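Just so you know, we're using my numbering here: the sequence shown kicks off at 644 and counts up by one. Quick reminder that beta carbons are idealized off the backbone N, C-alpha and C, glycines included. Computed from a predicted structure; not experimentally measured.
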Amino acid sequence: MSEKGILYLVATPIGNLEDITLRAINVLKQVDIIAAEDTRQTLKLLNHLEIKKPLVSYYEHNKTVKGNYLIEQLLDGKEIALVSDAGTPAISDPGEDLVKLAIKNNINITSIPGPVAAIAGITASGLKCGRFVFEGFLPMNKKVRKDRLNQLKGEVRTMVFYEAPHKLIYTLKDLYETLGDRRIVLARELTKKFEEYLRLSLKEALNYYDEKSPKGEYVLMVEGANEEEIEEERNEKWSSVSLEEHINMYMDEGMTKKEAISKVAADRGLSKRDVYNSCMIK
Ligand code: SAM
């Protein structure tokens with residue numbers, strides 16, 4: 644049996660073709676097959692780099708069939724580069740599934756790093772980027788979307804979202820209604836001719852797009868919740884309930900004492916040990 648090949652995850656530009664790395668070019672030249680999310684887009688890049696290689700399309704709606712085909716090729720010893728439409732494969736694209744399949748088949752995988760729209764966006768946003776959370780695209784299913792947004796209400800880290808222009812206003816409205824009037828940075832058409840950073844509040848962003856239609860690709864950075872306000876809200880919410888009552892409330896819902904203590908600790912921003920010790924003292 645031949646030795647297994649390698650799967651390279653090759654980051655490609657998010658707009659400006661000069662953002663390709665030397666290593667990415669070398670890998671694209673060296674591999675046997677290039678698997679591309681959008682073959683037309685990748686062909687433009689390959690023509691620019693004067694690289695000719697067999698292209699296999701691999702995208703959301705053919706990922707099962709083509710994924711199996713690519714794994715067969717890798718098991719047969721072929722080297723494959725996976726590239727996405729733009730940026731780094733597996734970040735908000737089906738590359739993630741191919742990676743999982745390759746791991747299942749004990750195939751070596753290596754990442755050739757390069758542009759990621761989220762990183763380009765947050766670094767120039769001016770919002771806190773020491774700790775941030777990448778949320779990608781918000782789900783479209785109404786209930787799942789609402790739950791996700793509600794989960795993010797208390798998120799103190801800067802949140803980074805991807806959005807398409809035709810859904811931007813809808814998303815701005817949902818963010819405003821759930822999170823209130825936070826600061827937002829809309830990073831548009833990064834690395835391209837019409838690159839723009841709009842640094843506004845969510846309300847200002849909604850007003851801005853009342854008069855203008857969104858165009859191009861967007862990364863949205865939304866400031867996290869204020870830690871002190873969250874702490875105050877938390878204290879207010881539970882100030883009239885004793886620890887015992889709080890634990891019993893969850894046990895009445897069917898939790899074990901251990902689970903209830905854990906939930907109470909999370910609700911009150913305390914350690915589990917503190918909650919446990921306070922109950923033991925009483
Ligand atoms: N894999 C890519 C990456 O590494 O960033 C992201 C792929 S995702 C399918 C496409 C989304 O990324 C777009 O809808 C947009 O939100 C964001 N995006 C991609 N290129 C962008 C650019 N040049 N400027 C702003 N956002 C961009």
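About 6 Å separates the beta carbons of L688 and T655, which is inside the 8 Å limit, making them a contact pair.
With respect to the 8 Å criterion, I677 and A724 are classified as neighbours on the basis of their beta carbons. For V907, the secondary structure class from DSSP, reduced to helix, strand or coil, is helix. Judged by DSSP secondary structure, N751 falls outside any alpha helix (DSSP H) and instead within the beta strand (DSSP E) spanning 751–755. With the rule of 3 Cβ pairs closer than 8 Å, the stretch 825–843 counts as touching the stretch 858–877. In the three-state DSSP reduction, I668 falls in the helix class (H, G or I).
For F777 against A761, the beta-carbon gap comes to about 5 Å, under 8 Å, which counts as contact. Where G779 is concerned, the enclosing beta strand (DSSP E) starts and stops at 775–779. Separation of the CB atoms of M864 and I765 is rounded to 5 Å, and the pair is thereby assigned contact status at 8 Å. Shown here for S905: same chain residues with a beta carbon closer than 8 Å to its own, the five before and five after excluded, namely K915 in chain order. Here R826 carries a strand assignment [DSSP, helix/strand/coil]. A distance criterion of 7 Å places the beta-carbon of T834 in contact range of ligand 1, judged by its closest non-hydrogen atom. In this structure, the alpha-carbon of G912 lies about 46 Å from that of D681.
Contact check for S754 against L692 fails: the beta carbons are separated by 8 Å or more. Beta-bridge partners assigned by DSSP to Y805: V862. The Cβ atoms of E902 and Y893 sit closer than 8 Å to each other.
Around R791, the same chain offers L781, P782 as residues with beta carbons nearer than 7 Å, after the five sequence neighbours per side are excluded. In the pairwise beta carbon analysis, the stretch 865–884 is classified as touching the stretch 794–806: at least three pairs are separated by under 8 Å. Beyond the five residues adjoining it in sequence on each side, N748 comes within less than 6 Å, by CB distance, of I714 in the same chain, given in chain order. The beta-carbon distance between A763 and Y840, rounded to whole angstroms, is 10 Å. This is too long to meet the 8 Å contact definition.
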